[in-house]
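S.K.: Have a look at the structure that comes next, please.
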Amino acid sequence: MCSDLFRGMLAILQYFLQDAISGNKLIKSINLGEAAGCGAALLASDMINIQSLKFLEVAPISLHLATPGGVVKTLIGRNMKIPTKKTVIPITSISNQEDILLRMYGSKQALTNDDNLVGEFHLLGTPSPSRKCPRIEVTHAIDENGILNASATNKSTLWQKTIQIEDVGRLLREEIEQMINGSESLGQENEKQQ
């Protein structure tokens, strides 16, 4: 199915869905390519009567935690089955550090310099007695819908900060535009060759 027809049909479907749910706003953060691929696989399995087809959701990117000392630790690897949860206790780089900035990065490779910043925690008032004896526990959990829930907990005070990130692993607008431009130029090359 050509992409223009697919987008047009999707708009009509969204209109009817929104009407069916009494005008409530639709959440449209799903990746269209992923949805089309899943639908095609389900249709194919139905056409050849395969009842045992089972989809396993996996993490689309690796998630890394960077601490102020420059230590980067992979928490969730790319293609790891989800839902999944991982907890680490990062070590601070300075004794009696009260302000800690923890950054979460995502990439399609193991550890690369071109990681995308996914989110960050700025923890205030969380003193650590020494740089090698931290009190912060960081947990990353990806649920069955691919939503990242990250939390940082001060183990001594039980103070907790949580963030939720829904677009982990989605293509950036620039990447989508680059793919569209690339496919258009390939289409023009194909026409010239024919």
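Counting in this note's numbering, the sequence shown runs from 3 upward without gaps. Just so you know, even glycine gets a beta-carbon here, dropped at the ideal spot from N, CA and C. If you're wondering where the values come from, they're calculated on a predicted model, not measured in any experiment.
Run through the DSSP bridge pairs and tell me what L58 is partnered with.
M.R.: DSSP lists no partner for L58.
S.K.: Can you list, in chain order, the residues of its chain whose CB lies under 7 Å from that of V90, leaving out five sequence neighbours each side?
M.R.: L67, K75, L77 and V140.
S.K.: Taking the straight line between their C-alpha atoms, what separation do you get for Q20 and L28?
M.R.: Rounded to the nearest angstrom, the two C-alpha atoms are 7 Å apart.
S.K.: Between S153 and L126, what straight-line distance do the alpha-carbon atoms span, to the nearest angstrom?
M.R.: Their backbone Cα atoms lie some 14 Å apart in a straight line.
S.K.: Report yes if the C-beta distance between Q166 and N156 is below 7 Å; otherwise report no.
M.R.: Going by C-beta atoms, Q166 is not nearer than 7 Å to N156.
S.K.: The alpha helix (DSSP H) that contains E139, what's its start and end?
M.R.: Where E139 is concerned, there is no enclosing alpha helix (DSSP H), although the beta strand (DSSP E) it sits in stretches over I138 to I144.
S.K.: Hey, could you find the ends of the beta strand (DSSP E) S109 is sitting in?
M.R.: Element bounds for S109: I102 to S109.
S.K.: Let's see if you can read the secondary structure: which residues bound the beta strand (DSSP E) around S24?
M.R.: Per DSSP, S24 belongs to no beta strand (DSSP E) and is neither H nor E.
S.K.: Among S64, P92, M11 and R105, which one has its Cα closest to the Cα of N81?
M.R.: For the residues S64, P92, M11 and R105, the minimum Cα distance to N81 belongs to S64.
S.K.: Are the CB atoms of P85 and E146 within a distance shorter than 7 Å?
M.R.: Contact flag set, yes.
S.K.: For K88, I'd like the list of residues in its chain whose CB is within less than 6 Å of its CB, leaving aside the five on either flank, ordered along the chain.
M.R.: For K88, where only same-chain residues beyond five positions count, the Cβ hits under 6 Å are L77, I78 and H142.
S.K.: Between A13 and chain C, is there a C-beta pair that is closer than 7 Å?
M.R.: The question asks about chain C, but that chain is absent: this structure has only one protein chain.
S.K.: Distance check for A38 and M49, CA to CA, integer angstroms please.
M.R.: Distance between the alpha carbons of M49 and A38 is about 16 Å.
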